[in-house]
Amino acid sequence: MEYRTLGRTGLSVSCVGLGAEWLEGKSADAVRAVIDSALDCGMNYIDVFMPEPAVRSNIGAALHGRREKMLIQGHIGTVFEDGQYKRTRDLAQTKASFEDMLSRLQTEYVDVGMIHYVDSAEDYAAVFETDIIEYAKSLKAEGKIRFLGLSSHNPETALRAVQTGLIDVLMFSINPAYDFEDSAADIYTQMEFSGLKADGVHRPDSARRELYGYCEAEGVGIVVMKALAGGRLLDASQSPFGTALTVPQCIHYSLTRPGVTSVLVGCSSSSEVETAAAYCSASDAERDYSSVFAGNPQIQTAGNCLYCGHCKPCSAHIDIPAVFKLLDLALAAEETPETVAGHYASLEYNADDCIECRMCEPNCPFGVKIAERMSRARRIFG
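In our numbering, the protein residues as written are 63 to 444.
1. Compute the beta-carbon to beta-carbon distance between CYS77 and VAL335, rounded to the nearest angstrom, for a pair I have assumed lies under 8 Å.
2. Which full runs of the beta strand (DSSP E) of 3+ residues lie inside the region 219-254, going along the chain?
3. Taking the beta strand (DSSP E) that HIS405 falls in, what are its first and last residues?
4. Have a look at ILE194, LYS202, TYR179 and flag the residue whose alpha-carbon is nearest the alpha-carbon of THR71.
5. Evaluate contact between the region 200-219 and the region 234-248, counting only Cβ atoms and requiring at least three cross-stretch pairs below 8 Å.
6. For a quick check, are the C-beta atoms of GLU83 and GLY328 less than 8 Å apart?
7. Which class does LEU80 belong to by DSSP, given the choice of helix, strand or coil?
8. Look at the alpha carbon of GLU418 and the alpha carbon of SER437, and state the distance between them as a whole number of angstroms.
9. Go through its chain and collect everything with a Cβ distance to ASN120's Cβ below 6 Å, but skip five positions before and after it.
10. Cα-Cα, which of LYS157, THR318, GLY293 is closest to SER330?
11. List the residues that DSSP assigns as beta-bridge partners of ARG66.
12. Over what stretch of residues does the alpha helix (DSSP H) that includes PHE111 continue unbroken?
13. Kindly indicate which three-state DSSP category ILE417 falls into: helix, strand or coil?
14. In whole angstroms, what is the alpha-carbon distance linking GLN249 and GLN225?
15. Could you tell me whether the region 362-376 touches the region 126-145, using the rule of 3 or more Cβ pairs below 8 Å?
16. Roughly how many whole angstroms lie between the Cα atoms of GLU400 and ALA279?
17. Note down, one range per segment and in chain order, each beta strand (DSSP E) of at least 3 residues found wholly within the region 124-196.
18. Taking just the CA atoms, how far does ILE177 sit from SER99?
19. Taking the continuous beta strand (DSSP E) assigned at THR323, which residues delimit it?
20. VAL263: buried (16+ other C-beta within 10 angstroms of its C-beta) or exposed?
21. So, with DSSP's three-state summary, where would you put ILE380?
22. Starting from ILE361, trace the alpha helix (DSSP H) both ways and give me its first and last residue.
23. Identify which residue in ALA269, PRO238, SER268 has its Cα closest to the Cα of PHE255.
24. With respect to the alpha helix (DSSP H) encompassing SER99, which residues constitute its N-terminal and C-terminal limits?
25. Helix, strand or coil, according to DSSP, for MET436 in the structure here?
26. Contact check, ALA339 vs MET105 under 8 Å by CB: the rounded distance?
27. Can we count CYS416 as close to the ligand FAD, meaning its CB is less than 7 Å from some heavy atom?
28. Classify GLN311 as buried or exposed, calling it buried when 16 or more other Cβ atoms lie within 10 Å of its own Cβ.
29. Please classify ARG265: is it buried, with 16 or more other beta-carbons within 10 angstroms of its beta-carbon, or exposed?
30. How would you write the range of the alpha helix (DSSP H) that ARG349 sits in, first residue to last?
31. Compute the Euclidean distance between the alpha carbons of LEU232 and ILE382, then round it to the nearest angstrom.
32. Leaving out the 5 sequence neighbours to the left and right, which residues in its chain are closer than 6 Å to VAL117 when beta-carbon positions are compared?
33. Could you pull the start and end residues of the beta strand (DSSP E) that GLY257 belongs to?
34. Figure out for me which residue from ARG149, PHE142, VAL96, ILE138 has the closest Cα to the Cα of ALA123.
35. Give the straight-line distance between the Cα atoms of ASP414 and GLY404, rounded to the nearest whole angstrom.
36. In angstroms with no decimal places, state the Cα-to-Cα distance between LYS148 and LYS259.
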């Protein structure tokens, strides 16, 4: 397993984590088996948004005696009502459900308290202009949550939230298809891949790129949901690319976005956990997602680095995607953020080491002029 630092929280998090949604309706033994497998594979991060009592209790029982081995991301604003999940902004309901979660998980705190599902301007107001945000802040002050997070599927609303400075962790829906959706598309439209199914040329959504870049620059750690689009990207008949992607390709795409620390994969069995964790032993070729874009004439990526790593290896040992990711972050800002400059300075090899051999350029499926961009990085980062 590979581990990354979750933004400014300083938490060391497995690059592949466990989404617990599919554990609902499972027996206590089945839940324990999945969590056993996750821990055995090195996963140390679990997302628990479900308010259903039994699944909370089963997860708590499975973690009993080894709570310290798993970082828990628990949601603020989900309730179980009339036998089903419901999102709420009612303060009394929110408090009762959160306390119930702590009790059933057999813990005095969760590591990340995740304000649940904030997508629209109305959602934003219902959280940040009410007592809900004050309650979330009080949970952090009391030590019932260590860090404050927010989950969203909308890049504009998510950016507005992280710009408050209150959000330490963002849970966001990222995959190769959703990044081409219009920023105004709701999650149901995204799930239908409406953006890529429309006629015309498709380009990556600029609002999403801005969001990821802001989080990287400001130390807001991103954890990813829906990396596989509910499994639809793995099925050629449902994939908007006309071809099936693999689990390693989907995970690697998300992990190569700026700001991303971990991809949370929903698993209902030990075998699914092992399949997700196998990303860490996958080869560069198995992780490479570039063919998905390069083979689609409707997708406009020419000249743009998508951080796929197809340019590797570099004869000067430069991590080209890492340099270009930081270059793009610097170019997106009026002044290079200190955090971006710091990350660049920490690279073992950088643009100064480029010998302009251009051996990498024929490997790039998007026609990026790598030597020119390296020269630009030298000028910007000095």
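Beta carbons are placed, not taken as given, at the ideal position from N, Cα and C, and that holds for glycine.
Taking the coordinates as given:
1. Between VAL335 and CYS77 the Cβ distance is about 14 Å, and since that is not below 8 Å, they are no contact.
2. 231-235
3. HIS405 -> not in any beta strand (DSSP E); alpha helix (DSSP H) instead, spanning 400-408.
4. LYS202
5. yes
6. yes
7. strand
8. 9 Å
9. ALA90, VAL93
10. GLY293
11. VAL75
12. PHE111 -> no alpha helix (DSSP H), and no H or E assigned at all.
13. coil
14. Going by the sequence as given, residue 249 is Ile instead of Gln. Each residue's alpha carbon lies about 22 Å from the other.
15. no
16. 8 Å
17. 133-138, 140-143, 146-149, 172-177
18. 28 Å
19. 322-328
20. exposed
21. coil
22. Taken as a continuous stretch (DSSP letters only), ILE361 belongs to no alpha helix (DSSP H), as it is neither H nor E.
23. PRO238
24. 90-102
25. helix
26. 7 Å
27. This structure lacks the ligand FAD, and indeed carries no ligand of any kind.
28. buried
29. exposed
30. 346-349
31. 26 Å
32. LEU85, GLU86
33. Run containing GLY257: none in the beta strand (DSSP E); it sits in the alpha helix (DSSP H), 256-259.
34. VAL96
35. 15 Å
36. 31 Å
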